[in-house]
Amino acid sequence: MAERVLVTGGAGYIGSHACKALAGAGYIPVTFDNFVTGWREAVQFGPMEEGDLRDRARLEEVMRKHEPVAVMHFAALSNVGEASRDPGLYWDNNVIGSLRLVEAMAACKIPNLVFSSTCATYGEHDGVMLDESCPQLPLNAYGASKRAVEDLIVNFAAAPDVDLNYVFFRYFNVAGADPEAEIGEFHRPETHLIPLALDAVRGRRDKLTIFGQDYPTPDGTCVRDYVHVTDLIAAHVLGLEHLRAGKGSDVFNLGTGRGFSVREVVEAVAKVTQEPVPAEDGPRRAGDCAALVSGSVKAADELGWAPDHSSLDEMISTAWAWHQRPGYKA
Ligand SMILES: NC(=O)c1ccc[n+]([C@@H]2O[C@H](COP(=O)([O-])OP(=O)(O)OC[C@H]3O[C@@H](n4cnc5c(N)ncnc54)[C@H](O)[C@@H]3O)[C@@H](O)[C@H]2O)c1
284 MAERVLVTGG AGYIGSHACK ALAGAGYIPV TFDNFVTGWR EAVQFGPMEE GDLRDRARLE
344 EVMRKHEPVA VMHFAALSNV GEASRDPGLY WDNNVIGSLR LVEAMAACKI PNLVFSSTCA
404 TYGEHDGVML DESCPQLPLN AYGASKRAVE DLIVNFAAAP DVDLNYVFFR YFNVAGADPE
464 AEIGEFHRPE THLIPLALDA VRGRRDKLTI FGQDYPTPDG TCVRDYVHVT DLIAAHVLGL
524 EHLRAGKGSD VFNLGTGRGF SVREVVEAVA KVTQEPVPAE DGPRRAGDCA ALVSGSVKAA
584 DELGWAPDHS SLDEMISTAW AWHQRPGYKA
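The sequence shown begins at 284 in our numbering and counts up one residue at a time.
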């Protein structure tokens with residue numbers, strides 16, 4: 284009988300791609316989601332259990348019913364602007380929600396946890412390529428909430444009566460869509476550059492705003508390291524196998540080591556879609572760093588991870604195919 288993995292946030296962008304990959308790897312992915320930003324239509328690859336992370340009794344009920352061998356924890360709020368305006372919401376949802384999850388895992392004796400962390404936990408390090416040993420000095424409440432979740436998981440894993448091993452993946456900017464266009468990126472509101480640019484191309488929004496032109500980067504716009512969701516999720520399956528092989532807790536950056544500026548991404552979107560991207564310059568956005576680029580090859584060295592699909596062209600073209608599929612709604 285196939286083993287189960289509980290996927291919190293399985294109705295969201297990255298979690299739904301994880302469910303597809305887990306199903307492809309022979310697991311039954313059980314989605315746990317409250318649909319605050321997720322989509323019922325995205326739950327296509329295994330059972331769905333509706334619930335809120337902060338509801339420990341519901342979590343334990345689902346864990347006892349499905350007896351998962353591991354949890355992949357994607358569920359979170361992740362809008363930096365919203366977090367800056369309403370930090371309490373982020374500490375409640377992301378930190379308290381994750382605390383309840385880890386408590387429920389301890390009570391139900393589920394020993395393996397793969398957690399979606401973020402490069403936003405590092406903050407700004409003046410042009411330094413970020414590796415896992417960089418100090419975590421988040422610039423915004425979203426990054427702070429994710430760092431706090433890492434801390435609480437480390438504390439639980441160290442507790443003598445808790446059997447818990449974890450892999451933290453600190454993602455850089457995730458982009459692209461399922462190559463078969465069954466699922467894709469669909470945030471509400473959308474804040475991510477590539478889907479925003481594609482929406483502008485399709486006339487679903489008037490213009491893309493480029494926030495800040497005076498950053499200390501080659502063209503003055505923010506630089507980010509983009510990783511294809513297919514590659515990102517492949518790392519999660521490797522991380523799960525790493526845990527299940529008893530190799531212990533660890534932390535990995537997931538980025539390619541190559542940064543692209545906002546303007547470079549906008550030009551690449553115009554090239555792939557063969558349409559101009561309506562865009563305007565706007566002021567800097569609170570909480571944004573000038574550049575966030577991974578300087579680590581640890582996931583490659585220790586997990587055998589290869590981000591083979593993370594060219595800008597492939598990320599944009601898979602996202603574009605998904606945006607153009609029949610029935611797309613925003
Ligand atoms: N997208 C990126 O570029 C990126 C970068 C770094 C880290 N991350 C992290 O990856 C994870 C997934 O991001 P995403 O882009 O897929 O976001 P998303 O908003 O598409 O998915 C999040 C999912 O979690 C669910 N959720 C949120 N709070 C919940 C709660 N309290 N109880 C139950 N379900 C809840 C939402 O309904 C949604 O389905 C997040 O933890 C995010 O912080 C994303």
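Glycine included, every Cβ here is placed at the ideal spot set by N, Cα and C. Here the structure is a predicted model, which is why all the values come from computation and not from measurement.
G406 versus V363 - alpha carbon distance: 13 Å
Near ligand 1: F451 beta-carbon under 7 Å from a heavy atom: no
D571 beta carbon near ligand 1 (any heavy atom closer than 7 Å): no
D497, buried or exposed, once every other Cβ within 10 Å from all chains shown has been counted against 16: exposed
Of the residues N376, K581 and H300, the one placed nearest I516, counting alpha carbons only: H300
Three-state class that DSSP yields for M412 in the structure shown: coil
Y296 beta carbon near ligand 1 (any heavy atom closer than 7 Å): yes
Closest Cα partner of E473 within the set G570, G321, T314 and R339: G321
Inside the segment 308-393 only - alpha helix (DSSP H) runs reaching at least 4 residues: 339-349, 363-368, 370-373 and 380-391
Proximity winner among E597, T291, P501 and H470, relative to D461 (alpha-carbon distances): E597
Beta-carbon proximity check, V352 vs R287, cutoff 8 Å: yes
Proximity of D564 and I477 at Cβ, strictly below 8 Å: no
Distance between A440 and L447 (C-alpha atoms, nearest Å): 5 Å
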